[in-house]
Each structure stands twice: as C-alpha cells, then as structure tokens.
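Engineer: From first to last, the protein sequence lines stand for chains A and B.
By the numbering used here, the letter at position 318 of the first sequence is numbered 318, and the numbering carries on one by one without gaps.
Just remember that the numbering used here sits 343 ahead of the position in the second sequence, which is counted from 1.
I have a structure here, written as structure tokens, and I will follow up with some questions on it.
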Amino acid sequence: MFAFLLRRLIWGALTLWVVVTVSFFLMRNVEGGPFDGERTLDPVIKANIERQYHLDWPLWKQYLQYVGPFNLDETSGIFSTKTVPAPDGTGEIENPDYREDVFGGVLAFDLGPSFKLKDYSVNDIIGQSLPVSVALGSIGLIWALLLGLTAGVASALQRGTGWDLSLRLVATFGIALPNFVIAGFLILLFAFNIDGLPVAGWGAPRHILLPSLALGAPFAAYIARLTRTGMLEVFSQDHIRTARAKGLPDHLVLFRHSLKGGLLPVVSYLGPAVAGILTGSLVIERLFGIPGTGSHFVNSALNRDYTLAMGVTILYTVLVYSLNTLVDLAYTLLDPRIKLEES
Amino acid sequence: MADSTHSADDGELGAVDAAERARLEKLLAEAEEFKGESLWQDAWRRLKRNKSAYVSLWFLLAFGALSFFAPLLPLASPSALNLRDEPVAPAWPWEANWHVDRAAGDDLDTAPPAEFGAAATRSVGSLLDDGWQHRTYVDVTLPGDPDQVRPRRVDGEPSVLAWVEDVSGRSAIVYEKPGQKKGTRLQRYAIVHRFSDQAREGGASTGLRTQLEEALASGRASLPAEAELLDVQFRPGLWEDMPFFDRWMLGARAALFGFWQVGPLLGTDGKGRDVLSRIVWGSRISIQVSVIASLVSLLLGVTYGATAGFLGGRVDNLMMRIVDVLYAIPFIFVVIFLITILNAYRTDLAEFGIGRMTVFYFVIGAIYWLTMSRVVRGQVLSLKNQEFVEAARVVGASNSRIIFVHIVPNVLSVVIVYLTLTIPQVMLFEAFLSFLGLGVEAPRVSWGLLAVDGSEVISAIKTYWWLVVYPAAAMAATLLALNILGDGLRDALDPKLRGKD
Chain A
1 MFAFLLRRLI WGALTLWVVV TVSFFLMRNV EGGPFDGERT LDPVIKANIE
51 RQYHLDWPLW KQYLQYVGPF NLDETSGIFS TKTVPAPDGT GEIENPDYRE
101 DVFGGVLAFD LGPSFKLKDY SVNDIIGQSL PVSVALGSIG LIWALLLGLT
151 AGVASALQRG TGWDLSLRLV ATFGIALPNF VIAGFLILLF AFNIDGLPVA
201 GWGAPRHILL PSLALGAPFA AYIARLTRTG MLEVFSQDHI RTARAKGLPD
251 HLVLFRHSLK GGLLPVVSYL GPAVAGILTG SLVIERLFGI PGTGSHFVNS
301 ALNRDYTLAM GVTILYTVLV YSLNTLVDLA YTLLDPRIKL EES
Chain B
344 MADSTHSADD GELGAVDAAE RARLEKLLAE AEEFKGESLW QDAWRRLKRN
394 KSAYVSLWFL LAFGALSFFA PLLPLASPSA LNLRDEPVAP AWPWEANWHV
444 DRAAGDDLDT APPAEFGAAA TRSVGSLLDD GWQHRTYVDV TLPGDPDQVR
494 PRRVDGEPSV LAWVEDVSGR SAIVYEKPGQ KKGTRLQRYA IVHRFSDQAR
544 EGGASTGLRT QLEEALASGR ASLPAEAELL DVQFRPGLWE DMPFFDRWML
594 GARAALFGFW QVGPLLGTDG KGRDVLSRIV WGSRISIQVS VIASLVSLLL
644 GVTYGATAGF LGGRVDNLMM RIVDVLYAIP FIFVVIFLIT ILNAYRTDLA
694 EFGIGRMTVF YFVIGAIYWL TMSRVVRGQV LSLKNQEFVE AARVVGASNS
744 RIIFVHIVPN VLSVVIVYLT LTIPQVMLFE AFLSFLGLGV EAPRVSWGLL
794 AVDGSEVISA IKTYWWLVVY PAAAMAATLL ALNILGDGLR DALDPKLRGK
844 D
C-alpha cells in the first residue's frame with residue numbers, strides 16, 4: 001500500500017509539473033498583459049507595476065519564482081541583503097523585510113498575487129472562498145448519495161413496478177439535463193410557487209439547500225442507476241438465495257448481505273462524482289450567486305486573471321487527485337478481490 | 344473385365360450414391376436455406392425488439408435529418424435581431440400574433456454620419472437577408488482614415504457605418520462587413536436595402552433573383568444608384584460562412600417557399616429571434632460539436648488503447664498507468680484555463696486556419712479519450728488470445744485478416760456503444776462551456792447557448808417560460824434518446840446476451 005501511495009504521489013507531482021509548466025509559459029506569452037485596460041498606462045507606472053509583480057525579470061527567473069520553493073525577491077526573499085540603499089541616496093539603511101519570506105512559489109504553497117483583484121493574493125482568495133465551495137460540495141454529495149442510494153435500492157426492490165419505472169424515468173432526466181437547467185427549474189419553482197427556501201444568496205444554512213440539491217441531482221440520478229444495477233446483480237447471486245432460503249428477514253438480507261456488494265460500483269463512481277461536483281459548482285455558484293472558489297475561477301478565467309485561474313486549477317487538481325487516490329484505497333478495503341495496481 | 348468390375352462397382356456405388364446423394368442434396372438445400380446470423384444481424388434483431396431503443400433510434404435519425412436540412416425549411420432567421428421590448432409568446436397560425444415582422448433593422452438608428460458623404464463605392468455582390476431585405480456588398484474607399492471613424496454599435500448587429508438613400512427615397516443602411524479587418528483604406532460594407540411591402544407580396548414566383556429583377560423592373564423595389572446587382576442569394580441574417588451545400592439548400596428553399604416563413608410557433612426571445620428556428624439551427628452546431636469531438640476522442644482512444652493492448656507487457660503497463668493518472672485530474676479546470684489562454688492567441692491561431700471550433704473539438708476530444716482507450720485495450724487484450732483467433736491462425740489467416748476480420752468487428756461493437764454514450768456527455772459539456780461564455784459565440788447558436796438564454800430569463804419578474812421549456816425539452820429528448828439507444832445497443836451487442844431474449 002505504501003508503494004502504491006508513493007507511486008501515486010510521484011505520478012501526481014509529475015503531472016502537476018507538466019500542467020504548471022505548460023500553462024505558465026502559455027500564460028506569459030499571451031499578448032496583452034493583465035494590466036492593459038481601456039486607458040494606456042503611464043510608462044513609469046507600468047514599469048513600477050511590472051516590477052512589483054516581477055514581470056520585468058527574465059522568463060526563467062519568473063518561472064523559478066512561480067514554482068518555488070524559494071522566494072527570489074531582492075528585498076524580502078532568500079537573496080535579500082541586511083541593508084538596502086536608502087531612498088534619499090545617502091548611505092544604506094537596514095532592510096525591514098530582510099529574509100521575511102524565504103519561501104515562495106507553488107512548492108511552498110504560495111500561489112502568488114492576483115493580477116486583477118489588487119491587494120489580494122491567490123491564497124487569500126482561496127482561503128476565503130474554499131470553505132464555501134467545500135460546504136456546498138459536501139452537502140451536494142450528501143444529497144446525491146441520499147437520494148441516489150434510496151432511489152436505487154427502492155427501484156431494485158420494487159423491480160418492474162410503476163415505482164421502479166417512474167424512478168428510472170426521473171433518473172434518466174437527471175442524467176440527460178444540464179445541471180443549470182435543473183437549477184433553473186428549481187429556482188422557477190421556489191421563487192414563484194413554493195415559499196420557504198431562498199433562491200439566491202449566502203450566509204444562513206437554509207441558503208445551501210437549493211444550490212446543493214441542484215448540484216447533487218445529476219449525480220443522484222447516476223448513483224441511483226448504478227445502485228439499481230448493482231443491487232439487482234447481487235440479488236441474483238447464490239449467497240442471497242441461501243440467505244433467503246435460511247429464512248432471514250428481508251431487512252437483514254438487504255442490509256447485512258446485499259448492500260455491501262451492491263454498493264461497490266457506487267464507491268468506484270465516487271471519485272468521478274467528486275470531480276464532477278467540484279466542476280458543477282462552477283455553474284451552480286454563478287447561478288445562485290454564491291461566493292465560492294468556482295465563481296472566482298470562472299471570473300478569473302473570463303477576466304484573464306491568469307494567476308488566480310492557475311492557482312485554482314492547481315488546487316483542484318491536487319484536491320481531486322488525492323480524493324481519487326483515497327477512493328481507490330477505499331475500494332480495495334471494501335472488495336478484497338481487487339488488488340492495488342501492481343507493476 | 345476390369346472394366347466390367349469397375350462398371351459393376353460403379354453401378355453398386357451409383358445405387359448407394361443415389362440415396363446418399365438425395366440425402367446430401369437435401370442437407371445442402373437445408374444448409375442453403377439456413378442463413379447464419381452475423382453479430383450485427385443478431386444485434387439488429389434484438390435492438391428492434393427493444394421498443395424504447397428502437398423508437399429512440401428513429402427519433403434521432405429524424406431529428407438528424409431535420410437539422411441537416413435546416414436551410415431547406417421555411418424558418419425565420421435564427422440570428423436576425425429585432426430589438427423589441429418583449430419576447431413574443433408562442434402562437435398558432437390562427438392566432439393574432441402569428442404574423443410578426445421579424446426582419447432585422449427595425450429599431451436601428453439610421454442617421455448618416457457626415458464623414459461618409461463622399462464615399463466612393465463599387466458594388467461587389469449582394470444578398471438577401473431574411474427574405475425581406477436586400478444586402479448589397481460594396482467596396483467603399485473612405486475619404487478619411489477609417490480608424491478615426493467610430494461606428495455606432497447596435498446590439499448584436501455589425502456596426503452601422505453609413506446611410507445611403509436610393510433614388511426612390513427609401514433608406515438603406517451601410518453595415519461594416521463582420522470580420523473585416525480594421526485599418527485598410529478599402530473596406531467592404533454591406534448596404535442593406537429593405538424591400539417595400541409590394542415587393543414582398545409580388546415575390547411569389549420562382550427564384551429570388553427573378554423576383555428581385557421583376558421588382559426592380561416594375562419599380563416596386565430599387566437599388567442605391569452606385570450599387571450594381573450582381574448576384575442574389577438567400578441567406579438568413581448573419582450566417583456569413585456557410586458551406587456551399589447549405590447555400591444551395593437556401594437557394595432551393597427560396598425557390599420553394601419564396602418569402603413565406605413559419606411564424607413564432609414556439610415564440611421568440613428577447614431579441615426577436617425565433618425560438619423554433621434557433622432550436623433547429625442550434626441542433627446543427629450541437630450535433631456537429633458532439634459528433635466530431637466524440638470522433639476525435641474515438642480516434643485517440645482506439646489508437647492508444649489498441650497500441651497498448653497489442654504491444655502488451657511493460658509498454659502496456661506504462662501507457663495504462665499514464666491513463667490512470669490522467670483520470671484523476673479535473674480536466675475541466677485545465678480545459679477552461681487552456682481555452683481562455685487560447686482565446687488570447689485567437690488571431691495567431693486563425694492564421695493557421697485553426698478556428699475556435701477546431702480548438703473546441705480537440706480540447707473536448709482530448710478529455711473523453713481516456714475511457715475509450717481503457718475499454719479498447721481490455722477488449723484487444725482479451726481477444727488476442729481467444730480460441731477463434733487461434734483457430735484463424737491455425738487455418739493460416741494472415742495477420743491483417745485476423746485484425747480486420749476477427750478483432751476489429753468485435754472491438755467495434757464496444758466502440759459504437761461507447762460512442763453513443765459519449766455524444767450526450769459532450770453535448771452537456773458544450774452546454775456547460777457555453778454557459779460560462781467560453782463556448783459557441785453569437786451569431787452562431789447552439790443548444791448550450793439556448794439553455795443559457797433560458798436560464799438567464801428565469802430569475803426575471805415575468806417568466807418567459809417558452810425560452811426555458813422548449814430548448815430544455817429538445818435537449819432532454821435528444822440526450823434521453825441517445826442514452827436509451829446507447830444502453831439498448833450495449834444490451835444488443837453484448838455477446839453474453841447473444842441468442843437470448
């Protein structure tokens with residue numbers, strides 16, 4: 001298992017490096033810098049801004065600064081000196097920032113400043129918005145599991161009846177409609193016909209219910225389908241027939257003997273589901289006006305705030321990659337027949 | 344003697360033979376009667392028995408034909424704008440709001456900028472927009488530096504640059520040709536000339552060119568003095584870069600239906616565009632994107648998977664580990680990031696002939712190849728060592744025969760199933776990107792854009808339900824049909840279920 005984790009770690013680091021490197025060089029070669037606006041800036045001001053963000057450095061140095069783990073800045077980084085030339089040109093004064101930030105860059109978990117949201121670093125923005133997205137995502141996942149498992153098991157138990165048919169129909173719609181259309185219908189319904197739940201905003205716990213439901217709905221539909229198939233397959237197996245033949249009550253057969261086997265496909269789907277929920281929250285956060293990482297990411301991508309967009313991309317890559325690894329581990333624990341990849 | 348024995352033997356044998364031969368001939372006849380069932384025949388039979396999948400298949404074929412022949416249909420332009428205040432509600436032909444003038448340019452501010460007084464023009468061609476207005480392309484040599492002229496923008500329409508008055512005093516508006524590069528002194532503009540009502544009603548006969556010539560001859564319509572009638576084509580609104588066949592279909596449509604077009608059967612949106620027309624035209628782009636992107640993913644996945652499967656051993660192992668790792672990456676973030684960066688490189692890429700759509704195809708295709716490669720590799724690995732392949736080898740079949748006759752058809756079934764299940768995913772992804780403003784751009788229209796338009800009007804005080812319900816219904820029906828067909832095909836092609844019912 002240790003070897004498996006190590007291998008995963010190495011591969012993950014390699015991939016992340018490729019993503020960071022390719023997008024860094026693409027990003028820095030884009031014509032029209034992040035500070036080009038309606039008005040052309042005064043050259044002195046522009047030079048000052050570029051110095052502030054180290055855009056005047058050679059590209060390789062900018063790259064090293066971005067990747068880290070050492071801060072290359074002359075005033076506060078690892079190469080900073082104890083004294084700096086005084087601003088009035090008379091001798092030298094003590095450097096107040098001497099080696100204040102020795103570490104920097106992605107390897108030191110520092111994603112740099114945001115180009116568009118002045119005075120904020122990417123870390124600040126992520127720190128503020130990630131809890132929101134995580135809350136939304138986890139409640140969405142709970143919705144997906146709750147609705148999906150219930151519907152799937154009920155469908156499998158009631159196989160062939162009207163219940164089964166209508167549940168499957170709803171599930172197929174859930175899979176076939178984009179989540180913003182589902183969210184749209186939910187908003188329509190709750191804004192005009194049903195009182196009680198707010199359709200926009202953030203803060204109170206009740207704000208989270210609708211967006212997370214819209215977020216989890218397509219995954220609930222898929223989980224319901226997986227559960228139904230998995231349960232039906234287990235029901236047809238010999239050990240269930242034996243259990244039934246022994247005269248075990250239905251609930252024992254279901255909970256003790258069937259569920260574990262029937263839910264295996266759902267566990268392997270959890271990895272993609274988590275990734276999908278994180279992605280889906282880009283849309284949902286925008287629709288419901290929620291200040292999460294997803295909406296920041298979309299805005300940064302549209303506003304060409306490359307550092308922020310890249311920071312969020314890196315964060316989510318790491319997040320999803322580790323969650324997927326965890327799911328793979330959980331899968332082997334649940335199903336002893338599956339061995340961790342051996343190579 | 345020998346001869347006689349032989350003949351006797353022969354006779355004996357012949358006697359035995361007669362019975363035997365009759366039996367054998369009967370067998371042969373039976374064998375010829377009995378047709379072996381290929382995998383595909385069997386699958387087709389079982390698909391036909393699966394009612395919902397069979398209906399889905401026909402629905403998809405019908406819808407595909409509808410969207411392919413969209414230029415032939417007498418639909419309103421999907422992109423011509425009419426900036427009225429309110430969307431028009433769906434109407435039946437016998438209802439009052441059925442006939443709505445949906446021609447573009449009603450609400451434009453058409454006062455002529457003074458700079459264009461002395462513009463020298465030369466006509467280079469002309470078009471018909473929307474059946475009701477006539478567009479003449481002219482090359483205009485501007486008196487001043489064109490960069491100094493600030494065209495007024497009208498929402499969605501190309502910039503209005505000048506205003507030309509024709510002999511009869513009817514107005515024409517000069518548009519900048521969309522996509523024209525700024526900074527050249529010689530620029531191509533379109534003079535849009537509105538037909539008079541008489542000209543509209545007069546045009547019931549054959550081709551548009553004839554109609555226009557007749558209208559010109561009888562004085563019911565006229566052209567700007569500088570403009571020379573070169574060619575008349577029927578094109579809806581802003582669909583500039585239309586392939587030849589589509590233009591031909593538009594011509595056929597003009598010959599068939601003249602100026603007649605379907606009214607707002609499914610209503611219009613906030614910019615006066617017909618919803619039915621947008622759904623049909625949007626389906627073209629959605630289908631195009633999803634099919635091409637799926638084929639790209641197919642190509643990548645099959646090549647990668649088959650290579651890994653055939654080579655086997657360490658190469659296979661390494662290739663599959665790479666797939667495992669890529670699986671665990673949230674590609675959509677990377678893709679959005681890449682698309683925004685590539686958008687900045689747009690002009691450079693356009694020089695190489697790489698349009699936004701091409702980027703789209705490859706980017707989307709590049710995400711969805713992973714599963715395909717896994718599936719194909721697994722199939723190839725298991726097929727490589729199967730008895731029937733061994734048997735073919737023993738009989739002396741060549742490698743290429745084994746690959747193309749024995750392995751490919753077996754992989755094909757899985758590939759087709761996976762393809763039908765990928766297409767809806769890609770459609771959803773296109774909708775997702777369009778929602779974020781990174782997908783298809785106006786004046787083009789896709790289902791994603793329609794769903795976005797719909798979801799934008801939802802939160803308004805007044806609900807224009809037809810903008811949400813109809814596009815969503817079209818999308819849901821198609822995706823549903825694709826999913827059902829995919830599942831049906833999987834069942835039909837599953838060798839485990841073969842011969843069972």
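Note that CB positions come from ideal geometry on N, CA and C, so glycine has one too.
Keep in mind it's a predicted model, so treat the numbers as computed, not measured.
#1: In this structure, what does DSSP give as the bridge partners for residue 673 of chain B?
#2: Would you mind giving the Cβ-Cβ distance between residue 181 of chain A and residue 794 of chain B, rounded to the nearest angstrom? I have them listed as a contact below 8 Å.
#3: What residues of chain A sit near residue 798 of chain B, judged by a beta carbon separation below 8 Å?
#4: Report yes or no: is there a C-beta of chain A within less than 9 Å of the C-beta of residue 832 of chain B?
#5: Bridge partners for residue 121 of chain A per DSSP, in chain order?
#6: Are residue 680 of chain B and residue 313 of chain A closer than 9 Å when you measure CB to CB?
#7: Would you list, in sequence order, the uninterrupted alpha helix (DSSP H) runs of no fewer than 4 residues that lie entirely inside the region 266–302 of chain A?
#8: For residue 25 of chain A, which residues in chain B fall below 8 Å Cβ to Cβ?
#9: Which stretch, first to last residue, makes up the beta strand (DSSP E) that contains residue 81 of chain A?
#10: What residues from chain B crowd round residue 310 of chain A, counting only those whose CB sits closer than 9 Å?
#11: By the 10 Å Cβ neighbour count, where 16 or more other Cβ atoms means buried, how is residue 171 of chain A classified, buried or exposed?
#12: Can you tell me whether residue 395 of chain B sits near the ligand SAM, meaning its C-beta is under 8 Å from at least one heavy atom of the ligand?
#13: Provide the residue(s) that pair with residue 93 of chain A in DSSP beta bridges, ordered along the chain.
#14: Rounded C-beta distance between residue 293 of chain A and residue 113 of chain A? I'm assuming under 8 Å.
#15: Specify, as a first and last residue, the run of the alpha helix (DSSP H) that residue 736 of chain B falls within.
#16: Short of 7 Å in beta carbon distance, which residues of its chain neighbour residue 59 of chain A, apart from the five on each side in sequence? Order them along the chain.
#17: When DSSP labels each residue in this structure, what does residue 332 of chain A get in the three-state scheme?
#18: Within 10 angstroms of the Cβ of residue 389 of chain B, are there 16 or more other Cβ atoms? Answer buried if so, exposed if not.
#19: Residues of the region 393–409 of chain B with a CB closer than 9 Å to any CB of chain A: list them in chain order, please.
#20: Name the chain A residues whose beta carbon is nearer than 8 Å to that of residue 658 of chain B?
#21: Starting from residue 239 of chain A, trace the alpha helix (DSSP H) both ways and give me its first and last residue.
#22: Give the interface partners of residue 120 of chain A over in chain B, defined as CB-CB distance under 9 Å, in chain order.
#23: Quick one: Cα of residue 144 of chain A to Cα of residue 219 of chain A, how far?
#24: Determine, using beta carbons only, whether residue 416 of chain B and residue 409 of chain B come nearer to each other than 9 Å.
#25: Taking CB distances under 9 Å as the criterion, tell me whether residue 524 of chain B reaches chain A.
#26: Contact between the region 315–330 of chain A and the region 242–258 of chain A: three or more CB pairs below 8 Å?
#27: If we call anything under 9 Å between Cβ atoms a contact, is residue 225 of chain A one with residue 175 of chain A?
#28: Can you tell me whether residue 18 of chain A is buried or exposed? The criterion is at least 16 other CB atoms within 10 Å of its CB, across all chains shown.
#29: Using three-state DSSP, classify residue 611 of chain B as helix, strand or coil.
#30: Taking the continuous alpha helix (DSSP H) assigned at residue 29 of chain A, which residues delimit it?
#31: Below 8 Å, how does it come out for the region 643–663 of chain B and the region 702–721 of chain B: are there three or more Cβ pairs, yes or no?
#32: Rounded to whole angstroms, how far is the Cβ of residue 653 of chain B from the Cβ of residue 710 of chain B, which I believe are closer than 8 Å?
#33: Measuring alpha carbon to alpha carbon, tell me which of B:830, B:434, B:721 ends up nearest residue 754 of chain B.
#34: Using a Cβ-Cβ cutoff of less than 8 Å, which residues in the same chain neighbour residue 622 of chain B once the five nearest sequence positions on both sides are dropped?
#35: Give the DSSP-derived three-state secondary structure of residue 70 of chain A in the structure shown.
Structural biologist: Let's see:
#1: Indexing the second sequence from 1 puts residue 673 of chain B at position 330. In the DSSP output, where bridge partners are listed per residue, residue 673 of chain B has none listed.
#2: Here residue 181 of chain A is taken as the residue at index 181 of the first sequence, counted from 1. Here residue 794 of chain B is taken as the residue at index 451 of the second sequence, counted from 1. Yes, residue 181 of chain A and residue 794 of chain B are in contact; Cβ-Cβ is about 5 Å, under 8 Å.
#3: Here the question's residue 798 of chain B lines up with position 455 in the second sequence. By Cβ distance, chain A contributes 180, 181, 183, 184, 287.
#4: Your numbering for residue 832 of chain B matches position 489 in the second sequence. False, the Cβ-Cβ gap to chain A never drops below 9 Å.
#5: In the first sequence, the residue the question calls residue 121 of chain A occupies position 121. DSSP, once it has assigned bridges, lists A:113 as partnering residue 121 of chain A.
#6: Looking up residue 680 of chain B in the second sequence gives position 337. Looking up residue 313 of chain A in the first sequence gives position 313. Going by C-beta atoms, residue 680 of chain B is nearer than 9 Å to residue 313 of chain A.
#7: 293–302
#8: In the first sequence, counting from the first residue as 1, residue 25 of chain A sits at position 25. Within 8 Å Cβ-Cβ: nothing; residue 25 of chain A doesn't reach chain B, min ~10 Å.
#9: Taking the first sequence and counting its residues from 1, one reaches residue 81 of chain A at position 81. Run containing residue 81 of chain A: none; DSSP gives neither H nor E here.
#10: For the purposes of this step, residue 310 of chain A is taken as residue 310 along the first sequence, with counting starting at 1. Simply 680.
#11: Within the first sequence, numbered from 1, the residue matching residue 171 of chain A stands at position 171. Its Cβ being crowded by 16 or more others within 10 Å, residue 171 of chain A is buried.
#12: Looking for the ligand SAM in the displayed structure turns up nothing, as the structure carries no ligands at all.
#13: Residue mapping note: residue 93 of chain A aligns to position 93 of the first sequence, counting from 1. A:84.
#14: Along the first sequence, one-based indexing puts residue 293 of chain A at 293. Along the first sequence, one-based indexing puts residue 113 of chain A at 113. Not a contact, Cβ separation roughly 17 Å.
#15: Position 393 of the second sequence, counted from the first residue, corresponds to residue 736 of chain B. From DSSP, the alpha helix (DSSP H) with residue 736 of chain B extends over 730–738.
#16: Translated into positions along the first sequence, residue 59 of chain A becomes position 59. Correct list, in chain order: 28.
#17: For the purposes of this step, residue 332 of chain A is identified with residue 332 of the first sequence, where counting begins at 1. Helix.
#18: For this step, residue 389 of chain B is matched to residue 46 along the second sequence. Buried: at least 16 other Cβ atoms inside 10 Å.
#19: none
#20: Start at 1 with the first residue of the second sequence, and residue 658 of chain B comes out as number 315. In chain order: nothing, as chain A lies at least about 12 Å away.
#21: For the purposes of this step, residue 239 of chain A is taken as the residue at position 239 of the first sequence. Residue 239 of chain A -> alpha helix (DSSP H) spans 238–245.
#22: As a position in the first sequence, residue 120 of chain A is number 120, starting the count at 1. Chain B residues near residue 120 of chain A: none, gap ~19 Å exceeds 9 Å.
#23: In the first sequence, counting from the first residue as 1, residue 144 of chain A sits at position 144. In the first sequence, counting from the first residue as 1, residue 219 of chain A sits at position 219. Residue 144 of chain A and residue 219 of chain A: Cα-Cα distance of roughly 6 Å.
#24: As a working note, residue 416 of chain B is residue 73 in the second sequence. As a working note, residue 409 of chain B is residue 66 in the second sequence. The answer is yes: Cβ separation under 9 Å.
#25: Taking the first residue of the second sequence as position 1, residue 524 of chain B is located at position 181. Note that residue 524 of chain B scores a pLDDT of 40, beneath 50, so its modelled location is shaky; the value from the coordinates is reported in the next line. Not an interface residue.
#26: no
#27: As a first step, residue 225 of chain A is located in the first sequence; it is residue number 225 there, counting from the start. As a first step, residue 175 of chain A is located in the first sequence; it is residue number 175 there, counting from the start. Contact: yes.
#28: The residue given as residue 18 of chain A occupies position 18 in the first sequence. By the neighbour-count rule (16 or more Cβ atoms within 10 Å), residue 18 of chain A is not buried but exposed.
#29: If you number the second sequence from 1, residue 611 of chain B lands on position 268. Strand, per DSSP.
#30: In the first sequence, residue 29 of chain A corresponds to position 29, counting from 1. Premise fails: residue 29 of chain A is in no alpha helix (DSSP H) and is neither H nor E.
#31: yes
#32: The residue labelled residue 653 of chain B in the question sits at position 310 within the second sequence. The residue labelled residue 710 of chain B in the question sits at position 367 within the second sequence. With a Cβ gap of about 24 Å, residue 653 of chain B and residue 710 of chain B do not count as contacting.
#33: Mapped onto the second sequence, residue 754 of chain B falls at position 411. Taking only the C-alpha atoms, the option nearest residue 754 of chain B is B:721.
#34: Reading the second sequence from its first residue, position 279 is the one you call residue 622 of chain B. Excluding residues within five positions, the ones whose Cβ falls inside 8 Å are 609, 790, 793, 813, 814, 817.
#35: The sequence position of residue 70 of chain A within the first sequence is 70, counting from 1. Looking at residue 70 of chain A - three-state DSSP - the assignment turns out to be strand.
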